[in-house]
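In our numbering, the protein residues as written are 3 to 138. A quick write-up on the structure given underneath.
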Amino acid sequence: MTTQQLLSQSLEQVVERMGDPAPLVYQRLFERSPELLPMFVGDDRGSVRAEMFLRAIDTLTDLAGERHYAAGMIASEWSNHHMNGVTTGQFESFFEIIVEVCQQALGADWTPEIDAAWRGTLARVTDVTARASAGG
Ligand code: HEM
């Protein structure tokens, strides 16, 4: 199975088990980084959070495969978010928390192969953010 298939398949399993993982991802994010909560005060219907979550998932899935747009997407979102005061560590933590929540949802079914696929993809994220934060 390809890395992209491993990600997609494990995401499907996560949704089967827990439904939409986004609420738990945001709960974790705000527990760990309460200073980020005020950034979302205007998002009273949750549409920004929902869009951000879906885009992060799409980006990870693309990054794991042929990477048509993922690197550019991460670099440009990193830059937008940086201007809004989101640090590189905070930006990356969103992706990391997504993986953490998926791992927890799958429990014993989180195989070493699935783990390697997600960790490898996270490493690609940090390659892109490191290049972006170094100025190109
Ligand atoms: C902890 C890390 C992050 C924080 C605190 C954060 C914060 C925000 C905030 C406050 C907005 C609304 C901006 C506005 O409307 O002016 C936003 C929008 C957005 N963020 Fe993030 N973000 C984070 C990580 C990410 C990551 C990793 C992605 C990756 C794809 C991402 C993608 C987006 C997108 C696509 C939008 C636009 C959504 C919309 O306006 O409908 N964000 N983010």
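Note that the Cβ used here is the ideal one computed from N, Cα and C, for glycine as well.
* Asked: Can you tell me the Cα-Cα spacing of residue 46 and residue 32, whole angstroms?
  -> Straight-line Cα distance between these residues: approximately 15 Å.
* Asked: First and last residue of the alpha helix (DSSP H) that includes residue 1?
  -> Nothing can be reported for residue 1: it is not among the residues displayed for the chain, which extend from 3 to 138.
* Asked: Given residue 102, which residues of its chain have a CB within under 8 Å of its CB, disregarding the five upstream and five downstream residues?
  -> Once the five neighbours on either side are set aside, the close Cβ partners of residue 102 are 30.
* To do: Could you tell me if the beta carbon of residue 6 falls within a distance shorter than 7 Å of some heavy atom in the ligand HEM?
  => No, since every heavy atom of the ligand HEM falls outside the 7 Å radius drawn around the Cβ of residue 6.
* To do: Can you tell me which of 136, 128, 81, 123 puts its alpha carbon nearest to the alpha carbon of residue 10?
  => Of the residues 136, 128, 81, 123, the one whose Cα lies closest to the Cα of residue 10 is 123.
* **Best match in 48, 44, 75 for proximity to residue 59 [C-alpha to C-alpha]** => Taking residue 59 as reference, the option from 48, 44, 75 with the minimal CA-CA separation is 75.
* Short Cβ contact (8 Å threshold) for residue 71 with residue 51 -> No, they are not a contact pair.
* To do: Take residue 96 and list the residues in its own chain whose beta-carbon comes closer than 7 Å to its own, dropping the five residues that flank it on each side.
  => 31, 58.
* To do: Pair every Cβ in the region 103-118 with every Cβ in the region 5-20, then say whether three or more of these pairs are closer than 8 Å.
  => Contact annotation: the region 103-118 touches the region 5-20, with at least three C-beta pairs closer than 8 Å.
* Asked: Among residues of its own chain, excluding the 5 on either side of residue 39, which ones have a beta-carbon nearer than 8 Å to its beta-carbon?
  -> Closer than 8 Å at the Cβ level, and outside the excluded window around residue 39, lie 32.
* To do: Return helix, strand or coil for residue 23, following the three-state DSSP convention.
  => Coil, per DSSP.
* Asked: Secondary structure at residue 115, three-state DSSP: helix, strand or coil?
  -> For residue 115, the three-state secondary structure derived from DSSP is helix.
* **Reference residue 82, options 67, 131, 100, 66, closest by Cα** => Of the candidates 67, 131, 100, 66, the one whose C-alpha sits nearest the C-alpha of residue 82 is 131.
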